[in-house]
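**Student:**
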Amino acid sequence: MSIQKNIYIIIISAFLVSIFTSFLIIKNYDKYEISTDEIENHRIIKGDIPDIWIDGQTIKNDLEAGKGYFESGKEIFRSYLPPRLIALYSYIFDYELFENWDQKIISSDNLKIFYLIIQSLLYYFSLIIFFKKLLNYFDIKTCFFTILFLSLEPTIFFFHSTFHTESIFFTMQILMLTLLIDDIGKINKSILIGILLGLMFLQKLVAIYYIIPIFIYYVVKLKSKAIIPFLFVLIFYISIIGLNGYGNYKRAGVFYFMPPSSKITLHLYFPSIILSKGENISTYDAKKIVDTKKIEWVKENNINLKNEKDRIIYYNYLQDFSIQTLIKYPVTSFKYIAWRTLQTGILNPIYVLEFFHNENEKKPEYYLKSNYKKVNLPLRIMYSTVLYTIVVIGFFYSLRRISVSHNILLILSSVYMLGLLGWANNSRYMAPILIYFSIYFGHGMNCIAEKLKK
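Residue numbering for the sequence shown follows this note's numbering, starting at 181 and increasing by one per position.
#1: Tell me, which residues are paired with residue 222 by DSSP?
#2: Just curious, the alpha helix (DSSP H) that residue 279 is in, first and last residue?
#3: Where does residue 206 sit, in a helix, a strand or coil, going by DSSP?
#4: Let me know the secondary structure DSSP gives residue 492 once reduced to three states.
#5: Select from 356, 398, 492 the residue whose C-alpha is nearest the C-alpha of residue 584.
#6: Flag this pair as yes or no: are the beta carbons of residue 495 and residue 451 separated by less than 8 Å?
#7: Where does residue 297 sit, in a helix, a strand or coil, going by DSSP?
#8: Using the DSSP secondary-structure output, state which residues sit across from residue 285 in a beta bridge.
#9: Let's test the definition: count the other Cβ atoms within 10 Å of the Cβ of residue 387 and tell me whether it reaches 16, buried, or not, exposed.
#10: Can you check which of these residues, 356, 305, 607, is closest to residue 331 by C-alpha distance?
#11: Which of the three DSSP states is assigned to residue 230 in this structure?
#12: Rounded to whole angstroms, what's the CA-CA distance from residue 532 to residue 573? Just pull it up for me.
#13: Can you grab the Cα-Cα spacing for the pair residue 310 / residue 615, in whole Å?
#14: Skipping 5 residues on each side, what residues in its chain have a beta carbon closer than 6 Å to that of residue 371?
#15: Closer than 8 Å is the cut-off here; do at least three beta carbon pairs connect the segment 227-234 with the segment 261-268?
#16: Just confirm the distance between the C-beta atoms of residue 344 and residue 300, as a whole number of angstroms; I'd bet it's less than 8 Å.
#17: So for residue 445, helix, strand or coil by DSSP?
#18: Per DSSP, what kind of secondary structure is residue 524 in: helix, strand or coil?
#19: According to the neighbour-count rule (16 or more other Cβ atoms, all chains shown, within 10 Å of its Cβ), is residue 560 buried or exposed?
#20: Name the two residues that bound the continuous alpha helix (DSSP H) containing residue 601.
#21: Less than 8 Å separating the beta-carbons of residue 270 and residue 236?
#22: Alpha carbon to alpha carbon, how far is residue 527 from residue 589?
#23: With distances taken Cα to Cα, identify the nearest neighbour of residue 383 among 421, 407, 414.
#24: So residue 327 and residue 350 are supposed to be a Cβ contact under 8 Å. How far apart are they, rounded?
#25: Indicate whether the contact test is met: 3 or more Cβ pairs, each with one atom in the segment 428-444 and one in the segment 248-259, closer than 8 Å.
#26: Specify, as a first and last residue, the run of the alpha helix (DSSP H) that residue 465 falls within.
#27: Roughly how far, in whole angstroms, is the beta-carbon of residue 361 from the beta-carbon of residue 184, given that I think they are within contact range, below 8 Å?
#28: Identify which residue in 292, 475, 477, 511 has its Cα closest to the Cα of residue 274.
#29: DSSP three-state label for residue 258, please.
#30: Is residue 521 closer than 8 Å to residue 632 when the C-beta atoms are compared?
#31: Out of 251, 282, 455, point me to the one whose CA is closest to residue 427's CA.
#32: Count the other C-beta atoms from every protein chain shown that fall within 10 angstroms of the C-beta of residue 562, then say buried if there are 16 or more, exposed otherwise.
#33: What would DSSP say about residue 434, mapped onto helix, strand or coil?
#34: Report buried or exposed for residue 253, applying the criterion of at least 16 other Cβ atoms within 10 angstroms of its Cβ.
#35: What residue range is occupied by the uninterrupted alpha helix (DSSP H) comprising residue 457?
#36: Look at the alpha carbon of residue 435 and the alpha carbon of residue 491, and state the distance between them as a whole number of angstroms.
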């Protein structure tokens, strides 16, 4: 049997295993748990996922009440697309997201499995498209290991069985790489890239500036001929995110396309701890200073936090305040961000399983317990070290086998994602970077296989 047929078998088999995994997860975890503080939490729909379901049900309710699409829903705190995908699924399959909407009790009927099946189907179908494109540029063995990695690497694989935003974003990343590999000088290809880039932003906010690596790639690959096709990328990208802004304007009377979470995330992580380290004061005192400044600013500017327009102004203030704090203490900020990024790079291939298994509200968190640090953490470090070693080997092995422009695309994409996600200190945010590492992993495994053969 040819390697090419084996690759298709891997993709189909991985898809079937993914469905089976989803069935097991739904069967075992589609129910409520009582946490240590006697609060009931759904074992699958928890963390930031309940907000997506509530927003999705709100959109569905508004549409059924006769509101227009752009007027439907409420202020989207995080990404625009996920709640609309949930609402669409609920509408098409006539699926009730909540057993009791008034009390926000999420359905536990196992029927949400079909959403996960569709999610997996989209991902593994994108792998088939990607593989056909890779065959034109890389050795068949490199393609084999690349697709094997993307099909079964657990850090990626288990997200297909969750309602996090990652799986669909992975699919978009793979389709984007497929489009970018060649023929980007064609106008129709550039239009598709612009539209897909806009959808990537609507799915996960991290894609907002991904147009910059794409622009550099266009210039490197097309040189002086890059202006016209990239202009079409820009036009259609701006059009997609502009529709998001228009929807906010129709609903709330204020035009904006960056959700609040994008503006306050830095504030949640940095000002107090940076001020504490920079001024050598306690975290408590630093937080008190930051909170006092926020209260004073709200009063001075007559901000009504019950009004969405004022909240947007307030979120902008929090973002500016956080950035100014980082700039004021550059060395402290760099050290702290570098350390958090290093921690983010420690992969957790069973993150999803731990997420389902552990109580959401239990304190201290499971990953802070001594047993976890003694056993799980060393295993994660070993796994990460092996994977990254293969990726590094693959990078050097690829230098004479991949075009300069393709290498630049992969490197810029990886650095971009790491730069925007790494400081969050959550291994979950390392997963999108693995999509770009996959090609280097494929080259690394091919190199190792050749050495062993010799």
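Beta carbons: idealized from backbone N, C-alpha and C, even for Gly.
**Tutor:** In brief:
#1: Residue pairing of residue 222 in beta bridges, as defined by DSSP: 212.
#2: Membership of residue 279 in any alpha helix (DSSP H) is not indicated; the residue belongs instead to the beta strand (DSSP E) covering 278-280.
#3: Of the three classes helix, strand and coil, the one that applies to residue 206 here is helix, per DSSP.
#4: The answer is helix: DSSP assigns residue 492 an H, G or I state.
#5: The residue with the shortest Cα to Cα distance from residue 584 is 398.
#6: Against a cut-off of 8 Å, the Cβ pair of residue 451 and residue 495 comes out as no contact.
#7: Helix at residue 297.
#8: Partner(s): 280.
#9: Here residue 387 is buried, its C-beta having at least 16 other C-beta atoms within 10 Å.
#10: Taking only the C-alpha atoms, the option nearest residue 331 is 305.
#11: Assignment of residue 230 by DSSP, reduced to helix, strand and coil, places it in the helix class.
#12: Rounded to whole angstroms, residue 532 to residue 573 spans 28 Å at the Cα level.
#13: So the two alpha carbons sit approximately 12 Å from each other.
#14: Result list for residue 371: 412, 416, in chain order.
#15: With a cut-off of 8 Å, the segment 261-268 and the segment 227-234 count as touching, because enough Cβ pairs lie within range.
#16: Between residue 300 and residue 344 the Cβ distance is about 13 Å, and since that is not below 8 Å, they are no contact.
#17: Here residue 445 sits in helix by DSSP.
#18: In this structure, residue 524 counts as helix in the three-state DSSP scheme.
#19: That one is buried.
#20: In the DSSP assignment, residue 601 falls within the alpha helix (DSSP H) that extends over 584-601.
#21: Result yes, Cβ atoms of residue 270 and residue 236 sit closer than 8 Å.
#22: Using only the alpha carbons, I get a separation of about 23 Å.
#23: Residue 421 is the option with its Cα nearest to residue 383.
#24: Between residue 350 and residue 327 the Cβ distance is about 14 Å, and since that is not below 8 Å, they are no contact.
#25: These segments touch.
#26: Taken as a continuous stretch (DSSP letters only), the alpha helix (DSSP H) holding residue 465 covers 463-480.
#27: The distance from the Cβ of residue 361 to that of residue 184 is about 18 Å, inconsistent with a contact at the 8 Å cut-off.
#28: Taking only the C-alpha atoms, the option nearest residue 274 is 292.
#29: The three-state secondary structure of residue 258, taken from DSSP, is coil.
#30: Cβ atoms of residue 632 and residue 521: not closer than 8 Å.
#31: It is 251.
#32: Exposed: under 16 other Cβ atoms inside 10 Å.
#33: In this structure, residue 434 counts as coil in the three-state DSSP scheme.
#34: Looking at its Cβ environment, which holds 16 or more other Cβ atoms inside 10 Å, residue 253 is buried.
#35: Residue 457 -> alpha helix (DSSP H) spans 451-459.
#36: Taking the straight line from one Cα to the other gives about 13 Å.
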